[in-house]
Amino acid sequence: MPLELVYSGKALADLESILRYIAGDSPRAARRWVAAVEARCESLRSFPELGVERPDIAAGLRIFPFRRSVIAYRVLPGRIRIVRVLHGGQDYAALMGD
1 MPLELVYSGK ALADLESILR YIAGDSPRAA RRWVAAVEAR CESLRSFPEL
51 GVERPDIAAG LRIFPFRRSV IAYRVLPGRI RIVRVLHGGQ DYAALMGD
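Residue 90 in the UniProt record's numbering sits at position 90 of the sequence shown, and the numbers go up by one each step.
The structure is reproduced here in structure tokens:
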């Protein structure tokens, strides 16, 4: 049975920020990008172990690549919690403590 999918406030803010940035050039591309990220997150509901464990950054954290970004998440009892959606060049460790 697929797990429940929840987004942290920071993950939602990340998505909104990325949406606004991309929409500056192409609102349509921005909507497609966010829809694709959401679809990738949905896949974690059935396959929660897809991401690479990153205990060096935070306990229980997994990182899952998406294009030039990463989805940071935790597998919790009965659910997947999307913690952040970050650009691949960002300092994950510093941002996880934010």
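Even glycine gets a Cβ: it sits at the ideal position worked out from N, Cα and C.
Nothing here was measured: the structure is a model prediction, and the numbers come from that model.
In its own chain, which residues sit with a C-beta less than 6 angstroms from the C-beta of Ile22, not counting the 5 before and 5 after it? The answer, listed in chain order, is Ala29, Ala30, Trp33.
Hey, Arg67 and Tyr73: beta-carbon distance below 8 angstroms or not? Cβ atoms of Arg67 and Tyr73: not closer than 8 angstroms.
Alpha carbon to alpha carbon, how far is Arg62 from Pro27? Cα to Cα, Arg62 sits roughly 30 angstroms from Pro27.
Backbone CA spacing between Val75 and Asp25 [nearest angstrom]: Rounded to the nearest whole angstrom, the C-alpha separation of Val75 and Asp25 is 35 angstroms.
Using the beta-carbon count (16 or more within 10 Å), is Ala11 buried or exposed? buried
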